[in-house]
Amino acid sequence: MNFEFYSSHVYLAMAAYCSGESLDGFANFFIVQAEEERFHAMKIYKYLNDRGRRATLSGMEHPNNEYKSVLDVFEHAYHHEQIVTKRIYDLSDIALNDREHATIHFLKWFIDEQVEEEAMFDSIVQKLKRIDKDSNAFFMLDTEFSQRVFTPPAN
Numbered sequence: 038m039n040f041e042f043y044s045s046h047v048y049l050a051m052a053a054y055c056s057g058e059s060l061d062g063f064a065n066f067f068i069v070q071a072e073e074e075r076f077h078a079m080k081i082y083k084y085l086n087d088r089g090r091r092a093t094l095s096g097m098e099h100p101n102n103e104y105k106s107v108l109d110v111f112e113h114a115y116h117h118e119q120i121v122t123k124r125i126y127d128l129s130d131i132a133l134n135d136r137e138h139a140t141i142h143f144l145k146w147f148i149d150e151q152v153e154e155e156a157m158f159d160s161i162v163q164k165l166k167r168i169d170k171d172s173n174a175f176f177m178l179d180t181e182f183s184q185r186v187f188t189p190p191a192n
């Protein structure tokens, strides 16, 4: 839960970088991503409460606030999602070992979500590499990302 809150913080820092570069569409992409991560954290928070556990919040480290380029931002985001996936896999391993079937079922949603997240960031990184110095394509991607919104999934 705390790492999902931290992920939201990471993506807000990425949004701030993009805003500072006057790339409002890319900034919007990361603002929406931050909302999604907060939703994930709250999903875990609610699950803990439903299971009779008390969620405990902890402090978080400072996210990176400096990047070399938009490509660098997305490469960091992709790497961050790979870390998230590993952490969810670790939780799943514990749940399997403890035969905690409700938690196994709960974490399956997150595993499926991580497949989508990693694929999305990998795809964007590949697009940005292909775009390279094509300012028209870069502008089109920035415009596309300005339309992104967060819609919480139906349970």
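For what it's worth, my numbering labels the leading residue of the sequence shown as 38, then goes sequentially.
In this text, a Cβ means the ideal position worked out from N, Cα and C, and glycines have one as well.
Helix, strand or coil at residue i according to DSSP, with G and I counted as helix
i	result
Gly57	helix
Arg90	coil
His99	coil
Met38	coil
Val47	helix
Asp127	helix
Phe187	coil
Start-to-end residues for the alpha helix (DSSP H) that takes in residue i
i	result
Glu181	Ser172 to Ser183
Lys105	Note, Lys105: premise wrong, no alpha helix (DSSP H); not H, not E.
Thr140	His138 to Ile168
Rounded Cβ spacing between residue i and residue j (contact assumed at less than 8 Å)
i	j	result
Phe67	Met51	4 Å
Assess, as a yes-or-no matter, whether the segment 101-119 is touched by the segment 136-148 under the definition of 3 or more beta carbon pairs within less than 8 Å. no
Three or more beta-carbon pairs under 8 Å between the segment 39-56 and the segment 94-105, yes or no? yes
Does the segment 149-156 come close enough to the segment 177-189 that 3 or more CB-CB pairs lie under 8 Å? no
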